[in-house]
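Mapping of the sequence shown onto this note's numbering: position 160 corresponds to residue 160, and the numbering continues sequentially without gaps.
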Amino acid sequence: MKTCLSAAVVSLLVGFPGWLRADESPSLMVRTRLETIEVSRDRLDQLLFGKDAPADDAALRAAVGKLMAEKQASLVAVQTLTAKDNCQATAESIREFIYPTEWEPAEMPEKVEPNPGGKPTPPAEDFSTGPFPSAWDTRNLGNSLEVEAQIIGMGSGISLRMVNESIFHVGDETWVECKDPHGASDVRMPRFAVQRTYTYVRLRPGVPCLLSTLSPKRPDGMPDLSRKMLVFARCDIVAPPGFELPADSGEGEDEDENFDPFADASRSNADNGPNGNTPVPDPFADKPKPSIADDDNKKDDPDPLPDAPYRTEVQYISVPRETFAGMLPDTALSNHDNAIHQKAVSLLKSGEATLDEAFVTTAKVGKKATAESIREIIYATEYEPPELPKTVKPKPGGSLDPTNLPEVAAPPNPSAWDTRNVGPTLECECADPSADGHVDVRLVVESVRLSGETIWREWKSPICDVPVKMPLFSTLRNNTSVRTKSGNWTLAAAMPSLNTDGFSDPSRVVMVFVRTTRLVVPVTPPPDENAVLSMRAEFFEVPLGLYPDLVSSAGVESDNTALRSRLLEMVESNKAALTDTFACVSKPGEKTTADSIQEFIYPTEWEPAELPIESANGSAEDCIPPTPSAWDTRNLGTTMEIEGDFYSETGIIKAVIFPEKVTHTGDRVFYEWKGKAKATIRMPTFNTLRSNGLLMLAPGKPQLVAALTPFDKDGNPDPSRKILVIATCTPEFPAKK
């Protein structure tokens, strides 16, 4: 049979037509759809090699679809990823698993003096500290999809480079079993099951291609050879209305002999991270914080507001896997995704779908905007191993008592730290719109949560209990660049959801919808040269159920007076809450800050406990307890930073409004020292709400600029509520004499 498994090889040999340049068709995108379908091994043999085997991959996919309808095959996973032509994009549903890669050997004191009077001395192994983990690495568990698609000709074909991975932690292999008076210290290493497809193929739009067949894992993590999973890929073109795919001539062009699709895509674990994936560059890595100082007023542009602001909305809507598969249109060409979003909204109303997260940012074209609702988790990345005195001897008139031996050693101590931002974040940037009104949006959107901890070494003694532990972070992340039409929704990605334990759950799919709206800012007369700018940012907290209607009512106008009035009415009726108001006055062109803060000083390093050179049995209280040795300062409270000026020769105000609210929500305790001196090794956690972007505001008119996620009583992000950030900038003039 003719399958695209062979086509993958043929396409590399026959060649590809020249790539379509972005300026030749500025509004085309490619949506890659990936389906993983499980069948029995016998059924697969019939499909591929039987006498009635389908003639091509399209017929094969239809035959497999019929088997699914008859319950003889099952849909394991379905993923989509949308990106501009020739742009790399990723969608990840992962759990970050930190595990030891090196272990320090057990240690013994140099000398153990025997008990006087011929009393038996405990075995030497009772003085051992046991093996200790000393180096760590991170493995991303779950599902990740990375694609780069290039349109051939005017849409007659699509060249696709793709990496799809599913990684599972299936248990630990114990290499050394060790249990000493301090607790278990087994040397163990994790075992991972990996299902990966890495390929480069040429596809016809709307035509499925069988990329690979994989073996599912058994409960013990080994491949189950009695069943097989078929991985189908399909690429559709997302285009503006009126675009038509050309007729397929069936003729190709010579391939550039110097073209190597794998030249810059090494998959070495050593070079490219724990999963062997080529890292996707952060499109905002070199972007400075927005500032009006380097902004071009474009006075000679005929458009009175050529770089109008755009409001970017992102929604995470979760639906069952089979429901999502039925929502995708069976056409090779899509004009926009409004119909899919409308279907998702109807599922929200019926309860079949859930709105897991939502983001809003607003900024002038060409400037980065951020919206962050994060909890800063500080965790240990290295531990100093436990230490023993050089000599252990009995107390005068006593003996070495095995029941007191755990007190002889100094405990392990966390010695290096890192910070992880937990919660939802959005970074986006809109480029100048094209001639047909489309705008390029580069975005990185992610939702991170702390989903547990893994203990790799126990240390127990009368002085302190120190679990050597590493956190587990679960992440939904999408990094892509899409083209959108103002006011229309785009399905940027669909990836497996995360369950309550933080593991990837392919039975539900999170759809990532993106919409950009060009805001209309009316041109006003130029202001008095003596004007100052009074700026205000208000945080309105509302239930998630009311959020979609409120955001949609903001419309395309920069004047959101009606929305603000409605929010104030909801505050009066206790349906919403005005949680914070930031205000500041500034001279045009000058940066101003207003802080209401408490300077919180906390330790960032701890010196470990120390033992004397000689230690008698039971003398651990002679230890010097752990001591903080380095410090840092965090400003708690509210900060308002503004920088505003008038746009060109008009009264429109361009401004950077940067409100931030930081709170200390508790401490993460690593261990308590219970000797003569008391000490608690702990690190604080901070919660931060902030938004940032270069805005274009009508004088005195409120504008919805961001949507953030508040925190619950425990300091964790609370997705059941949203915070709408309303910004207002009003010129004020000195009183005339």
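Where a beta carbon is used, it is the ideal one built from N, C-alpha and C, also for glycine.
In this text, all values refer to a predicted model and were calculated from it rather than measured experimentally.
- Within the segment 305–363, complete beta strand (DSSP E) segments of at least 3 residues are found at 309–320, given in chain order.
- Here residue 706 is near residue 360, since their CB atoms are less than 8 Å apart.
- Sequence-distant partners of residue 168 (beyond 5 residues in either direction) whose C-beta falls short of 6 Å from its own C-beta, in its chain, are 193.
- Close CB contacts of residue 627 within its chain, under the 6 Å cut and outside five residues either way in sequence, are with 607 (chain order).
- Counting C-beta pairs with one atom in each stretch, the segment 153–166 and the segment 96–105 have fewer than three that are closer than 8 Å, which means they do not touch.
- In this structure, residue 144 lies away from residue 101, with their beta-carbon atoms at least 8 Å apart.
- Secondary structure note for residue 65: its alpha helix (DSSP H) is the uninterrupted segment 57–69.
- Between the C-alpha atoms of residue 601 and residue 715 there is a straight-line separation of about 20 Å.
- Separation of residue 76 and residue 669 (C-alpha to C-alpha, rounded to the nearest whole angstrom) is 41 Å.
- Taking 8 Å as the cut-off, the beta carbon of residue 546 is found no closer than this to the beta carbon of residue 513.
- Residue state for residue 647 is assigned as coil, using DSSP reduced to three classes.
- By the 16-neighbour rule on beta-carbons within 10 angstroms, residue 45 is exposed.
- Residue pairing of residue 43 in beta bridges, as defined by DSSP: absent, with no partner found.
- A contact between stretches requires three or more CB pairs, one per stretch, nearer than 8 Å, and the segment 144–159 fails this requirement with the segment 110–130.
- With a cut-off of 8 Å on Cβ pairs, the segment 443–455 is in contact with the segment 476–486, counting three or more such pairs.
- For residue 218, there is no enclosing alpha helix (DSSP H), as DSSP marks it with neither H nor E.
- For residue 125, the three-state secondary structure derived from DSSP is helix.
- If you look at residue 500, you'll find it isn't in any alpha helix (DSSP H); DSSP assigns it neither H nor E.
- Contact check for residue 220 against residue 147 fails: the beta carbons are separated by 8 Å or more.
- Linking residue 223 to residue 191 through their CA atoms gives a straight-line distance of about 13 Å.
- In the three-state scheme derived from DSSP, where H, G and I count as helix and E and B as strand, residue 552 is classed as helix.
- Just so you know, the alpha carbons of residue 432 and residue 641 end up roughly 27 Å apart.
- Membership of residue 566 in the alpha helix (DSSP H) is indicated by the continuous run 561–572.
- When C-beta atoms of the segment 331–346 are compared with those of the segment 449–466, fewer than three pairs fall below 8 Å, so the two segments do not count as touching.
- Spatial neighbours of residue 493 in its own chain (CB-CB distance under 7 Å, excluding positions within 5 residues in sequence) are listed in chain order as 80, 81, 82, 91, 478, 480, 512.
- In terms of Cα proximity to residue 141, the closest of 362, 363, 505 is 505.
- Under the three-state reduction of DSSP output, residue 545 falls in the helix class.
- For residue 687, the enclosing beta strand (DSSP E) covers residues 678–692.
- Counting C-beta atoms within 10 angstroms of its own C-beta, residue 351 has fewer than 16 neighbours from the protein chains shown and is therefore classed as exposed.
- At a Cβ-Cβ threshold of 8 Å, residue 630 and residue 697 do not count as neighbours.
- Buried is the label assigned to residue 657, since at least 16 other Cβ atoms lie within 10 Å of its Cβ.
- The way I'd put it, the segment 678–698 does touch the segment 365–384; three or more beta-carbon pairs between them come closer than 8 Å.
- Looking at the backbone, the Cα of residue 733 and that of residue 544 are separated by about 40 Å.
- Note that the C-beta distance between residue 415 and residue 316 is not below 8 Å.
- Taking C-beta atoms under 8 Å as the contact rule, residue 411 and residue 466 qualify, at a distance of about 5 Å.
- Residue 481 is bridged by DSSP to 442.
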